[in-house]
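Counting from 1, position 123 in the sequence shown corresponds to residue 123 in full-length UniProt numbering; the numbering is continuous, with no gaps. Presented below is the structure to which this report refers.
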Amino acid sequence: MISYTLYAASFLSEIIRSSFKSVGKDQLEAAAALGYTKYQQFFAIKLPQALTDAIPKILNYYTLLIRQLSLAFLVSVVDIFAKSKLESADNFYYIESFLAAALVYWILCIALTLLFSNYEKYLRRFERSNAA
């Protein structure tokens, strides 16, 4: 469990690091020219733009993580798919239990997608459109 957590943390930290690196230095220089402090530059300029860049990547990683949790069953972590496998071994309703597991995975992925897309829309509310 510890190694899997460290594995996931390394990927998430790389996503966040690259998102912060994607914010241009010219924007921070412009904020400094306007008299923003380092604290104001971070919270008003750098953080919103980095989060806007990171949200879709984090969503993709979390959906991948949900799918990879069934691999964690090999190290005795019981997840949704493993639970359906154990239940179907008891009552021989394989199709029903696997369909229920697929439905749960589907609902989790849709809920995460909706949550992250709403948050991304919230972060992008001040961006200019290219149509103008």
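Where is the CB? At the ideal position from N, CA and C, for every residue including glycine.
What does a CB cutoff of less than 7 Å around residue i pick up in its chain, not counting 5 residues either side in sequence?
i: T63; result: C109 and L112
i: L59; result: L112, T113 and F116
i: E87; result: S97
Look at residue i and residue j and say whether their C-beta atoms are less than 9 Å apart.
i: residue 161; j: Q40; result: Beyond the ends of the chain as shown, which are 1 and 132, falls residue 161; an answer cannot be given.
i: L65; j: A8; result: yes
i: F11; j: Y61; result: yes
i: Y119; j: R67; result: no
i: L123; j: P48; result: yes
Around the C-beta of residue i, are 16 or more other C-beta atoms found within 10 angstroms, so that it is buried, or is it exposed?
i: I2; result: exposed
i: I45; result: buried
i: S97; result: buried
i: Q27; result: exposed
i: S22; result: exposed
i: A50; result: buried
i: A131; result: Annotation note: pLDDT 47 at A131 (below 50); position unreliable, coordinate value reported separately. A131 is exposed by the Cβ-count criterion.
I'd like the list of long-range same chain contacts for residue i, defined as Cβ closer than 8 Å, with 5 residues on each side in sequence excluded.
i: T37; result: none
Can you list, in chain order, the residues of its chain with a C-beta nearer than 6 Å to that of residue i? Leave out the 5 residues immediately preceding and following it.
i: K25; result: none
i: F20; result: A50
### Message
Closer than 8 Å is the cut-off here; do at least three beta carbon pairs connect the region 8-19 with the region 44-59?
### Response
Taking a cut-off of 8 Å for Cβ pairs, the region 8-19 and the region 44-59 touch, as three or more such pairs fall below it.
### Message
Give the list of continuous alpha helix (DSSP H) stretches no shorter than 4 residues that lie fully inside the UniProt domain "ABC transmembrane type-1" (1-116).
### Response
Segments of the alpha helix (DSSP H) lying fully in the UniProt domain "ABC transmembrane type-1" (1-116): 2-21, 25-33, 38-41, 47-68 and 80-91.
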